[in-house]
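Asker: Letter 278 of the sequence shown, counting from 1, is numbered 291 in the numbering used here, and no numbers are missing. Note that beta-carbon positions come from the ideal geometry of N, C-alpha and C, so glycine has one too. Treat the numbers as computed from the prediction; the structure is a model and nothing was measured. One structure follows; several queries about it will come next.
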Amino acid sequence: MRIELVSEHANPLGAVGGVDAGGQNVHVAALASGLSRRGHDVIVSTRRDDPRLPHRVVAPEGYVVEHVPAGPPTEIPKDDLLPHMDELSDHLKTRWAADPPDVVHAHFWMSGLAALSAGRAVDVPVVQTFHALGVVKRRHQQDRDTSPPTRIDQESQLCRSVDHVVATCRDEVDELVAVGMDRARATIVPCGVDTDLFTPGPPRKGGPSRLLVVGRLVERKGVADVVTALADLPDVELYVVGGPREDGLALDPEACRLRELTLRNGTAERVHLLGARSRSQMPKLIRSVDVVVAVPWYEPFGIVPLEAMACARPVVGSAVGGLLDTVVPGMCGVLVPPRRPDRLADVLRELLADRPGREAYGAAGLARVRARYGWQRVCERTERVYDGVLARTDERSLGVAR
Ligand code: UDP
14 MRIELVSEHA NPLGAVGGVD AGGQNVHVAA LASGLSRRGH DVIVSTRRDD
64 PRLPHRVVAP EGYVVEHVPA GPPTEIPKDD LLPHMDELSD HLKTRWAADP
114 PDVVHAHFWM SGLAALSAGR AVDVPVVQTF HALGVVKRRH QQDRDTSPPT
164 RIDQESQLCR SVDHVVATCR DEVDELVAVG MDRARATIVP CGVDTDLFTP
214 GPPRKGGPSR LLVVGRLVER KGVADVVTAL ADLPDVELYV VGGPREDGLA
264 LDPEACRLRE LTLRNGTAER VHLLGARSRS QMPKLIRSVD VVVAVPWYEP
314 FGIVPLEAMA CARPVVGSAV GGLLDTVVPG MCGVLVPPRR PDRLADVLRE
364 LLADRPGREA YGAAGLARVR ARYGWQRVCE RTERVYDGVL ARTDERSLGV
414 AR
């Protein structure tokens, strides 16, 4: 199959950890690699955000990344990209008219807008993965939500117009149904984890207990809640990975906010902000702790809990979004309500005192990830969605269905 992935802001070859670079970059890279490995021709179109980028790059895994001009070739916050989507769409339309892919899979809502308009012009089916939903963001961020005001309506329109939606978890499907999508238009295919890179290691022994949080340094990831809980967990160390590189942390507003909190609540000596780390460093970092904590206020999917499980580490997560599907409470970890540092502290205290419990959670998490969340399996399931969409498109063009 000739497959085009459109990922307007998240370049699969980009560095991860910054405000707008996280799970979607990792997801698109792994999907493109996995689909190439399965013999498909894969192109990822992403916005050119640096004038030095070549027009096309062949990734070591065999897929092609095309840096498409859409607005000035500089970094632009993703919430300011909407005005440039027509330009992205025009470029896609021109290329696809000459050389159409079999199927297009758009990632994030603005990619969906660009892909749908180009796809309809040249009669190529479009599959959509949202990765995050405006309606959820608005609920939690309220007047601090910087998304374009049209986002919620446009997402609602998009999920009813594309050929199919690939949602990453049950919660996302419920949210989409609530904004008007017919449930039959979506298939759940979760994000995956690279089980060759994220591998288990023996539990650590000795020294103070260690917790790890990994993620973009944005408020909604709940790192401040972990720092607050830490005040009630004497002697426990917290490592935080994400944000700019370590030498840029002093200028990062969220890092400064966290530092101030540690000074106020007396945890400064025990909270270690490490900044962004590369993918290759991540497994070792995860294996160097006792528990991985992921307590976002909301979370469309959350790849980090899977990475922890793949390294056989227990997860203490918040009971939101994709974590409700991935982290089975009492089996691979514990789920707590979001924004409840008091509950988090209680759960962590108990788990850190229970080594056999942690080991059991780690082993069960590892088994769960291997059975369900390996990229090969995720790519197979995504491919089946594409097959279904193509079969329906063929039927329609032959006048068989509807
Ligand atoms: N990540 C990384 N380096 C960092 C911070 C994060 O490689 O410094 C990776 C992390 O391991 C995970 C992804 O970025 O694979 C974050 O994905 P998740 O779905 O948890 O969060 P999102 O960024 O989508 O909100």
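Taking the alpha-carbon positions, what's the ALA111 to LEU105 distance?
Answerer: Taking the straight line from one Cα to the other gives about 10 Å.
Asker: To which residues of the same chain is GLY36 closer than 6 Å at the C-beta, ignoring the five residues directly before and after it?
Answerer: Closer than 6 Å at Cβ, skipping near neighbours: ILE316.
Asker: Taking a contact to mean a Cβ-Cβ separation below 9 Å, would you say ALA289 touches GLY255 in this structure?
Answerer: Yes, the Cβ-Cβ distance between ALA289 and GLY255 is below 9 Å.
Asker: Going by C-alpha distance, which of LEU26, VAL179 and VAL202 is nearest TRP388?
Answerer: Answer by Cα proximity: VAL202.
Asker: Please work out which residues of its chain come closer than 6 Å, Cβ to Cβ, to ARG15, disregarding the five sequence neighbours upstream and downstream, and give them in chain order.
Answerer: Around ARG15: ASP54, PRO114 and ASP115.
Asker: Could you check how far apart the C-beta atoms of ARG418 and ASP303 are, in whole angstroms? I think they sit under 8 Å.
Answerer: Since the first residue shown for the chain is 14 and the last is 415, residue 418 is missing from the structure and cannot be characterised.
Asker: Can you tell me where the beta strand (DSSP E) with TYR252 in it begins and where it stops?
Answerer: Per DSSP, TYR252 belongs to the beta strand (DSSP E) from 250-254.
Asker: Using the three-state DSSP reduction, which class does ARG229 fall into: helix, strand or coil?
Answerer: If DSSP states are grouped into helix, strand and coil, ARG229 belongs with coil.
Asker: Return yes when at least one heavy atom of the ligand UDP lies under 8 Å from the C-beta of GLN155, else no.
Answerer: Every heavy atom of the ligand UDP is 8 Å or more from the Cβ of GLN155, so no.
Asker: What residues in its chain sit with their C-beta under 6 Å from that of ARG418, if we drop five residues either side in the sequence?
Answerer: Past the edges of the chain, shown from 14 to 415, lies residue 418, and the structure says nothing about it.
Asker: In the segment 109-148, which residue ranges form an unbroken beta strand (DSSP E) of at least 3 residues, counting only runs that do not cross its ends?
Answerer: Runs of the beta strand (DSSP E) inside the segment 109-148: 116-120 and 139-142.
Asker: Cβ of ASN38 within 8 Å of any heavy atom in the ligand UDP?
Answerer: Because some heavy atom of the ligand UDP lies under 8 Å away, the Cβ of ASN38 counts as near it: yes.
Asker: Between the beta-carbon of VAL32 and the beta-carbon of ARG292, is there less than 9 Å?
Answerer: Result no, Cβ atoms of VAL32 and ARG292 do not sit closer than 9 Å.
Asker: Run the CB neighbour count on VAL71, radius 10 Å, all protein chains shown included, and call it buried at 16 or more, exposed below.
Answerer: The residue is exposed, with fewer than 16 neighbouring Cβ atoms inside 10 Å.
Asker: Please report how far the alpha carbon of ALA45 lies from the alpha carbon of ALA119, in whole angstroms.
Answerer: When rounded, the distance between both Cα atoms is 12 Å.
Asker: Just to confirm, does PHE314 get its C-beta within under 8 Å of one of the non-hydrogen atoms of the ligand FAD?
Answerer: Ligands displayed in this structure: the ligand UDP; the ligand FAD is not among them.
Asker: Measuring from the CB of GLY346, is there a heavy atom of the ligand UDP at a distance below 8 Å?
Answerer: GLY346 Cβ: outside cutoff for every heavy atom of the ligand UDP.
Asker: Name the DSSP bridge partner or partners of ILE56?
Answerer: For ILE56, which the question treats as bridged, DSSP gives the partners GLU17 and VAL77.
Asker: Which residue marks the beginning of the alpha helix (DSSP H) containing VAL71, and which one marks its end?
Answerer: Where VAL71 is concerned, there is no enclosing alpha helix (DSSP H), although the beta strand (DSSP E) it sits in stretches over 69-71.
Asker: For a minimum of 4 consecutive residues, which ranges assigned as the alpha helix (DSSP H) are wholly contained in the segment 268-318?
Answerer: The qualifying runs are 295-300.
Asker: Taking only the alpha-carbon atoms, compute the straight-line gap between THR339 and ASP99 and give it to the nearest angstrom.
Answerer: Near 36 Å, if we compare the C-alpha coordinates of ASP99 and THR339.
Asker: Inspect the beta-carbon positions of THR395 and LEU26 and report whether they are closer than 9 Å.
Answerer: No.
Asker: Report the rounded CA-to-CA distance for PRO354 versus VAL239, giving the unit in angstroms.
Answerer: Answer to the nearest angstrom: the Cα atoms are 6 Å apart.
Asker: Give me the Cβ distance between LEU146 and MET123, rounded to the nearest whole Å; I'm assuming they're in contact under 8 Å.
Answerer: Between MET123 and LEU146 the Cβ distance is about 13 Å, and since that is not below 8 Å, they are no contact.
Asker: Between CYS182 and the ligand UDP, is the CB less than 8 Å from at least one heavy atom?
Answerer: Outside the cutoff, so no.
Asker: Can you list, in chain order, the residues of its chain with a C-beta nearer than 7 Å to that of ALA377? Leave out the 5 residues immediately preceding and following it.
Answerer: Taken in chain order, the residues that qualify are MET344 and CYS345.
Asker: Taking ARG383 as the reference, give the member of VAL140, ILE165, ALA321 and ALA180 with the closest Cα.
Answerer: The shortest Cα separation from ARG383 among VAL140, ILE165, ALA321 and ALA180 belongs to ALA321.
Asker: For TYR311, tell me which candidate among ALA332, VAL328 and ALA242 has the shortest Cα-Cα distance.
Answerer: Closest by alpha carbon: ALA332.
Asker: To the nearest angstrom, how far is it from the Cα of LEU243 to the Cα of GLN141?
Answerer: If you take the alpha carbons of LEU243 and GLN141, they lie about 40 Å apart.
Asker: Looking at the secondary structure, which residues open and close the alpha helix (DSSP H) in which VAL41 lies?
Answerer: Looking at the DSSP string, the run of the alpha helix (DSSP H) that includes VAL41 is 36-50.
Asker: Is it true that the CB of ASP195 sits closer than 9 Å to the CB of THR406?
Answerer: No, they are not a contact pair.
Asker: Please state whether the Cβ-Cβ distance between LEU246 and LEU298 is less than 9 Å.
Answerer: Cβ atoms of LEU246 and LEU298: not closer than 9 Å.
Asker: Three or more beta-carbon pairs under 8 Å between the segment 79-94 and the segment 128-142, yes or no?
Answerer: The segment 79-94, when compared against the segment 128-142, does not touch it at the 8 Å Cβ threshold.
Asker: For ARG223, which beta-bridge partners are listed by DSSP?
Answerer: Note: ARG223 sits in a beta bridge opposite GLU250.
Asker: Taking the alpha-carbon of ALA309 as reference, which of ASP248, ALA237, ASP265 and PRO296 has the nearest alpha-carbon?
Answerer: It is Pro, not Ala, that sits at residue 309 in the sequence shown. Out of ASP248, ALA237, ASP265 and PRO296, ALA237 has the C-alpha closest to the C-alpha of PRO309.
Asker: Checking the sheet assignment: what are the DSSP bridge partners for ALA180?
Answerer: Its beta-bridge partners are ILE201.
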